[in-house]
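Student: Using our numbering, read the sequence shown as starting at 4 and increasing by one per residue.
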Amino acid sequence: MQRCWAEEPTERPDFNHIRLLLRKHNKESRTNILDNLLSRMEQYANNLEELVEERTQAYHEEKRKAEALLYQILPHSVAEQLKRGETVQAEAFDSVSIYFSDIVGFTALSAESTPMEVVTLLNDLYTCFDAVIDNFDVYKLKFRHFCILRSNIFLKGHF
Numbered sequence: 004m005q006r007c008w009a010e011e012p013t014e015r016p017d018f019n020h021i022r023l024l025l026r027k028h029n030k031e032s033r034t035n036i037l038d039n040l041l042s043r044m045e046q047y048a049n050n051l052e053e054l055v056e057e058r059t060q061a062y063h064e065e066k067r068k069a070e071a072l073l074y075q076i077l078p079h080s081v082a083e084q085l086k087r088g089e090t091v092q093a094e095a096f097d098s099v100s101i102y103f104s105d106i107v108g109f110t111a112l113s114a115e116s117t118p119m120e121v122v123t124l125l126n127d128l129y130t131c132f133d134a135v136i137d138n139f140d141v142y143k144l145k146f147r148h149f150c151i152l153r154s155n156i157f158l159k160g161h162f
């Protein structure tokens, strides 16, 4: 078959040679060309169905990850509006509360600790912050280096 695709015409087999090869192949496989073609088409269709299923699963997984990220970086109501394809209107608030947090002496503490101890400390600390703040209508605006910026935005009907 590959010789039939040769760019140089003189390198391609002639029709008599192709017919001879096909007859030889058909005698070995005991099937005719049409049966062989139908069998290959069925294999191709099955393979295509599997490929579509795999790609669909991958799409749904990526969509789930994107939505999870959306909910992590935006307020829930804004994320919902974006998911529905709606335009999000900017809101203005008369007053908000902002909380900054710093771990005093963190540089010295981390210099005396193992990397795993530092990771465990930060994980425990931020898990504790998140658990307490989940009880209030608070949105985490930014997490940068060793500083957390939180804003308490009172939404309509929530204060």
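Here a beta-carbon is modelled for each residue, glycine too, at the ideal position from N, C-alpha and C.
Is residue 98 helix, strand or coil by DSSP?
Tutor: Residue state, collapsed to three classes: coil.
Student: In the structure shown, what three-state DSSP assignment does residue 104 receive?
Tutor: The answer is strand: DSSP assigns residue 104 an E or B state.
Student: Leaving out the 5 sequence neighbours to the left and right, which residues in its chain are closer than 8 Å to residue 4 when beta-carbon positions are compared?
Tutor: The answer is none, since no qualifying residue turns up.
Student: When the Cα atoms are used, what is the spatial distance from residue 113 to residue 104?
Tutor: Rounded to the nearest angstrom, the two C-alpha atoms are 17 Å apart.
Student: What first and last residue would you give for the alpha helix (DSSP H) that runs through residue 135?
Tutor: Element bounds for residue 135: 118 to 136.
Student: CB residue 73 to CB residue 85, shorter than 8 Å?
Tutor: Yes, the Cβ-Cβ distance between residue 73 and residue 85 is below 8 Å.
Student: Would you give the residue range spanned by the alpha helix (DSSP H) that residue 59 belongs to?
Tutor: Segment 36 to 76, the alpha helix (DSSP H) holding residue 59.
Student: So residue 15 and residue 22 are supposed to be a Cβ contact under 8 Å. How far apart are they, rounded?
Tutor: That belief does not hold up - the Cβ atoms of residue 15 and residue 22 are roughly 14 Å apart, past 8 Å.
Student: Would a C-beta distance cut-off of 8 Å place residue 81 and residue 91 closer than the cut-off?
Tutor: Against a cut-off of 8 Å, the Cβ pair of residue 91 and residue 81 comes out as a contact.
Student: Kindly list the residues whose CB is nearer than 6 Å to the CB of residue 118, restricted to its own chain and excluding five residues on each side of it in sequence; keep chain order.
Tutor: Nothing listed; no residue qualifies.
Student: Between the alpha carbons of residue 101 and residue 138, how many angstroms are there, rounded?
Tutor: Distance between the alpha carbons of residue 101 and residue 138: 16 Å.
Student: Should residue 142 and residue 78 be called a contact, given that it needs their Cβ atoms to be closer than 8 Å?
Tutor: Yes.
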